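Numbering (our numbering), first residue to last: 33 to 479.
And the structure:
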C-alpha cells in the first residue's frame with residue numbers, strides 16, 4: 033500500500049472551531065435538526081388543544097419545557113464532544129441493562145412510530161392536494177423519505193432539513209402575527225399558575241414538546257459535521273440554543289394561534305384536529321391562510337419523519353455495533369464506526385471507511401421504519417398499538433435524563449465536559465419531571 037498524499041489526507045481532517053460570528057452562523061445545523069425533528073404533529077396538537085382550553089395561561093409551561101429540552105440537548109452534545117464516544121458507548125458502560133432496554137425500545141418504537149409519522153405527513157398532503165386518501169399519501173411520504181435518506185449524505189440532508197425548518201417557522205409565526213394576539217394576556221401567561229383541570233396539560237407541555245428519541249441522535253449529527261473534542265463545546269452550545277430558541281418561538285406561536293382562533297372549542301387530541309384550525313383560519317382570513325398553515329403543517333411533519341428516518345437509523349446502527357463488542361470493550365472503541373460518511377477522517381494510510389449510511393443495520397432499520405408499519409395504516413388506530421406507543425413515549429425521556437445525569441458526572445468525561453451546578457439542577461429537574469409524567473401516564477392508562 034502506498035501512503036496517502038498530504039493533500040488527500042488533509043481533505044478528511046476535521047474542521048477547527050470557528051471564531052467569528054459569521055463563521056459560527058455558517059456552522060449552525062445539527063441543533064436545528066434535533067430540535068425540528070423533536071417537534072411533530074403530536075406537539076402541535078398538544079399546544080393547540082392547550083391554547084383552545086386555557087388561552088395563553090399555560091405559556092410558561094411551554095417555555096419551561098423548551099428550557100429543559102435545551103438542557104438535555106446540551107447534555108447529549110457535551111457527552112459526545114467531551115468523551116469522544118457515542119451515547120450508546122456511554123449506555124454500555126452503565127451496564128447491559130441500558131443497551132438491552134434501548135434495543136427492545138428502538139425496535140418496538142420504530143414499528144409503531146413509522147405508521148404515526150407517515151400518517152402525520154399524509155394529513156396535510158391530503159388536505160392540500162386531495163386525490164388520494166390519507167393512507168396512500170402516507171405511504172408515498174414514507175417511500176419518499178426512505179429514498180431521500182437512503183441516497184443522500186449528511187451535508188445534503190442538513191441543508192434540505194434547514195429549508196423545511198425555515199418554512200415551518202415562517203409559516204406558523206406569520207399566522208401568529210396575523211391573528212393579532214392580546215399582548216397583555218401573553219405577558220400574563222409567563223406567570224406560572226394552574227387553572228382548574230390544567231395539570232395534565234401542563235405536564236404534557238413541559239414534558240412533550242420537542243422531546244423524543246431523536247434527542248439522542250444529536251451527537252451523531254455533531255460528529256457528522258466534523259465536530260470533535262471539547263474545543264467545540266461553545267459552538268455546540270450556541271447551535272443547540274439556536275435550535276431550541278426557534279422551537280420555543282414556534283411553540284409560543286402555535287399556542288397563540290390555538291388560543292386566539294379556537295379558544296373555548298372542544299377539540300380532540302388527534303392529528304386531524306389540526307385541520308380544524310386550518311378551516312377556522314380560512315373562514316376568518318381567506319383560503320390563503322389555510323394553505324399557509326397547511327404548508328407549515330407539512331413542513332413540521334416532514335422534518336419529523338426525515339429526522340427520525342436518519343437519526344434513529346444512526347442510533348440503531350450504533351446499537352448493533354455495541355452489542356457485537358466483547359464485554360468491556362466499548363470504552364476502547366471510538367465513535368468512528370458510526371460517524372456518517374462525509375465527516376469520516378482518513379486513517380494514517382489515507383483510506384476512507386464505508387459510510388454508516390450504506391451499512392446493513394442503517395438501511396435495514398430504514399426499511400423497518402417504512403415498510404412493515406404500512407400495514408398499520410389499514411387499521412384505524414387499534415387500542416393496543418395506541419397504548420403501546422403512549423407508554424413508549426413516556427418511558428424514553430426519563431431514561432435519557434437519568435443516564436445523562438450519571439454519565440456527565442462521571443470520570444468518563446474530562447473535567448471541562450462534566451456537569452456544573454446549573455446543568456445538574458436542570459437535568460435533575462428533567463429526570464424528576466419525566467418520572468412523574470411516566471407514573472401519571474401509566475396510572476391514567478392502567479388505573
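Every residue gets a Cβ at the ideal spot worked out from N, C-alpha and C, and that includes glycine.
Keep in mind the model is a prediction, meaning the values are calculated, not measured.
Check	Outcome
Using beta-carbon positions only, say whether residue 280 and residue 98 come within less than 8 Å of one another.	yes
Cβ of residue 216 within 7 Å of any heavy atom in the ligand ZN?	Looking for the ligand ZN in the displayed structure turns up nothing, as the structure carries no ligands at all.
Could you pull out every residue in the same chain whose Cβ sits closer than 7 Å to the Cβ of residue 201, ignoring the five residues on either side in sequence?	278, 282
What is the DSSP secondary structure of residue 443, counted as helix, strand or coil?	coil
Alpha carbon to alpha carbon, how far is residue 147 from residue 166? Give it in angstroms, no decimals.	12 Å
Where residue 466 and residue 285 are concerned, what is the direct C-alpha to C-alpha distance, given to the nearest angstrom?	25 Å
Please tell me whether residue 339 and residue 130 are closer than 8 Å, where the distance is taken between their beta carbons.	no
Do residue 170 and residue 151 come within 8 Å of each other at the CB atom, strictly closer than that value?	yes
Note down, in chain order, each residue of its chain lying with its Cβ closer than 7 Å to the Cβ of residue 263, except the 5 sequence neighbours on either side.	49
Is the stretch 112 to 121 close to the stretch 349 to 360, with three or more CB pairs under 8 Å?	yes
In this structure, how does DSSP classify residue 89 when only helix, strand and coil are distinguished?	coil
Could you compute how far the alpha carbon of residue 159 sits from the alpha carbon of residue 319?	12 Å
Suppose contacts are defined by Cβ-Cβ distances below 8 Å. Is residue 88 in contact with residue 291 by that definition?	yes
Does the stretch 321 to 329 touch the stretch 219 to 231, meaning 3 or more C-beta pairs lie closer than 8 Å?	no
Could you give the DSSP three-state label for residue 184: helix, strand or coil?	coil
Using 8 Å as the cut-off, can you tell me whether the stretch 205 to 218 makes contact with the stretch 71 to 78, which would need three or more C-beta pairs spanning the two stretches below that distance?	no
Taking all protein chains shown into account, do 16 or more other C-beta atoms lie within 10 angstroms of the C-beta of residue 101, making it buried, or fewer, making it exposed?	buried
Are the beta-carbon atoms of residue 224 and residue 86 separated by less than 8 Å?	no
Is it buried or exposed, residue 354, if we count other Cβ atoms within 10 angstroms and call 16 or more buried?	buried
Go ahead and pull the three-state DSSP assignment for residue 430.	helix
May I have the straight-line CA-CA distance separating residue 199 from residue 327, to the nearest angstrom?	8 Å
Go ahead and pull the three-state DSSP assignment for residue 234.	helix
At which residues does the alpha helix (DSSP H) containing residue 395 begin and terminate?	392 to 402
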